[in-house]
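A.B. asks: Shown below is the structure under consideration.
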Amino acid sequence: MNDSDNALSGGMSTGPDNFQETQLTVLRNSKAARNALRVVLEVQDEEISALEKECIPISISVGLHSLPDEVIREIFEYGTASAGEFYAEKEFPFHASHVNRRFRSIALETPRIWTRLSNLLPLPQLETYIQRSKNADLSIFVDMYHVLDHDHEKSLLSEFLKITTKHSRRWSYFQYDGDWSIVNDDGEPFEPDLSDYFFDEISLLSLPRLTHLAWNVRAEGEWDSLELFLSECEVPNLVHFDGLNVLLDAPSIGSGLVSCDLTFMMASRSTGTSNNHFVSWRR
């Protein structure tokens, strides 16, 4: 090998050191590219998140518009059936019918969502519910426990019963929540008790569709209200009974009862707390 060959080989070394340096350079460049891409991806993620939030109403609107009326009607009925005992939940059909024209049209053609009637509803709203329920089974809620919360808008118990008993043949569910601890400044019950109305106004109430009766009281003075109610009502198809702090006279119910759930709240004088005791019966 001459001098020119040595010079050429020295200028183009392909030894292990040069290969390792090349690999390290590629690694550094790859990491730099990755870090740059991460910055770009973070920016894109933020933009996508912002766009998704902006598009939520659009997506919901498109989704609802794509649902057939029958599906929306079933959603309304499910929402009504799963509603609880409180006044706000009984306003569900009213609010659903005021979303848009389509919802209103569907709601007005769905009698079952207007069937939960409570003495906490204002009288005009109560009458509207009855009219829109057409011939569907009715669920009646007499709530004396939360009555003071709605003093400015509720219907009086006597007025509520006077209206709803006209449709008693459609009652399928009746729930009474009483509390004689609610009194006025003179220490008297805030409103006449349910038993007062039945004693004064009704001789015999026919409830052919009633299948479920719930009776919840929180004071000893109310225990006889259930007995009076049953003595003034015909309930040939009653199959379920739920009670809080009440005793049930089985013969007064009839032979059709298939389930009975009783809860008793026992107050402890020593601790000031209450313990619940449950009794369940199934045929």
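Just so it is clear: in the sequence shown, position 72 is 72 by UniProt numbering, and no numbers are missing.
C-beta atoms are modelled at their ideal positions from N, C-alpha and C, and glycine is treated no differently.
Alpha carbon to alpha carbon, how far is HIS98 from LEU121?
C.D. replies: Your numbering for residue 98 matches position 98 in the sequence shown. Your numbering for residue 121 matches position 121 in the sequence shown. Rounded to whole angstroms, HIS98 to LEU121 spans 17 Å at the Cα level.
A.B. asks: Could you pull the start and end residues of the beta strand (DSSP E) that TYR129 belongs to?
C.D. replies: By one-based count along the sequence shown, residue 129 stands at place 129. It is not in any beta strand (DSSP E) - TYR129 instead sits in the alpha helix (DSSP H) that spans 123-133.
A.B. asks: Taking 9 Å as the threshold (C-beta atoms), are THR263 and LEU238 in contact?
C.D. replies: Residue numbering aside, residue 238 sits at position 238 when the sequence shown is read from its first letter. Residue numbering aside, residue 263 sits at position 263 when the sequence shown is read from its first letter. No; because the gap between Cβ atoms is not below 9 Å, this pair is not in contact.
A.B. asks: Mind reading off the beta-carbon distance from ALA136 to THR115? Whole number of angstroms is fine, and I expect it under 8 Å.
C.D. replies: As a first step, residue 136 is located in the sequence shown; it is residue number 136 there, counting from the start. As a first step, residue 115 is located in the sequence shown; it is residue number 115 there, counting from the start. Between THR115 and ALA136 the Cβ distance is about 5 Å, and since that is below 8 Å, they are a contact.
A.B. asks: Tell me where the beta strand (DSSP E) around ARG116 begins and ends.
C.D. replies: In the sequence shown, residue 116 corresponds to position 116, counting from 1. Where ARG116 is concerned, the enclosing beta strand (DSSP E) stretches over 116-118.
A.B. asks: Grab me the residues of GLU46's own chain with a C-beta within less than 6 Å of its C-beta, minus the 5 sequence neighbours each way, in chain order.
C.D. replies: For this step, residue 46 is matched to residue 46 along the sequence shown. So the list is empty, once near-sequence residues are dropped.
A.B. asks: Are the beta-carbon atoms belonging to LEU213 and ASP177 less than 9 Å from one another?
C.D. replies: In the sequence shown, the residue the question calls residue 213 occupies position 213. In the sequence shown, the residue the question calls residue 177 occupies position 177. Not closer than 9 Å, so no.
A.B. asks: May I ask you to report which of helix, strand or coil DSSP gives THR110?
C.D. replies: Numbered from 1 along the sequence shown, position 110 holds the residue referred to as residue 110. Reduced to three states, the DSSP call for THR110 is coil.
A.B. asks: For HIS152 and ILE56, what's the separation of their Cα atoms in angstroms?
C.D. replies: Reading the sequence shown from its first residue, position 152 is the one you call residue 152. Reading the sequence shown from its first residue, position 56 is the one you call residue 56. Confidence at HIS152 is low in this model, with a pLDDT of 49, below 50, so its placement is unreliable and the value that follows should be read with caution. Near 38 Å, if we compare the C-alpha coordinates of ILE56 and HIS152.
A.B. asks: State the DSSP-derived secondary structure class of TYR78, mapped to helix, strand or coil.
C.D. replies: As a position in the sequence shown, residue 78 is number 78, starting the count at 1. In the structure shown, TYR78 sits in a helix (DSSP, three-state: H, G or I).
A.B. asks: Which residues in the same chain as ASN18 place their Cβ atom closer than 6 Å to its Cβ, once the five residues preceding and following it in sequence are excluded?
C.D. replies: The residue you call residue 18 lines up with position 18 of the sequence shown. Cβ within range, chain order: n/a, list empty.
A.B. asks: What did DSSP end up calling ASP69 once you bin it into helix, strand or coil?
C.D. replies: Stepping through the sequence shown from its first residue, residue 69 is reached at position 69. ASP69 falls in the helix class under three-state DSSP.
A.B. asks: DSSP beta-bridge partners for ALA214?
C.D. replies: Within the sequence shown, numbered from 1, the residue matching residue 214 stands at position 214. Answer is GLN175 and ASP242, bridged to ALA214.
A.B. asks: How far does the beta strand (DSSP E) with LEU138 in it reach, from first residue to last?
C.D. replies: By one-based count along the sequence shown, residue 138 stands at place 138. Per DSSP, LEU138 belongs to the beta strand (DSSP E) from 138-143.
A.B. asks: Determine whether the beta carbon atoms of ILE106 and THR80 lie at a separation below 9 Å.
C.D. replies: On the sequence shown, residue 106 is found 106 positions in, with the first residue counted as 1. On the sequence shown, residue 80 is found 80 positions in, with the first residue counted as 1. No, the pair does not count as a contact, with Cβ atoms beyond the cut-off.
A.B. asks: Going by Cα to Cα distance, which pick from LEU247, VAL235, SER172 and ILE163 is closest to SER255?
C.D. replies: Along the sequence shown, read from residue 1 onward, the residue named residue 255 stands at position 255. Closest by alpha carbon: VAL235.
A.B. asks: Less than 9 Å separating the beta-carbons of GLN175 and PHE141?
C.D. replies: The residue labelled residue 175 in the question sits at position 175 within the sequence shown. The residue labelled residue 141 in the question sits at position 141 within the sequence shown. Going by C-beta atoms, GLN175 is nearer than 9 Å to PHE141.
A.B. asks: Leaving out five residues on either side along the sequence, give the residues of the same chain with a beta carbon under 7 Å from the beta carbon of LEU138.
C.D. replies: One-based indexing of the sequence shown puts residue 138 at position 138. Hits under 7 Å: THR115, LEU117, HIS167, ARG170, TRP171 and SER172.
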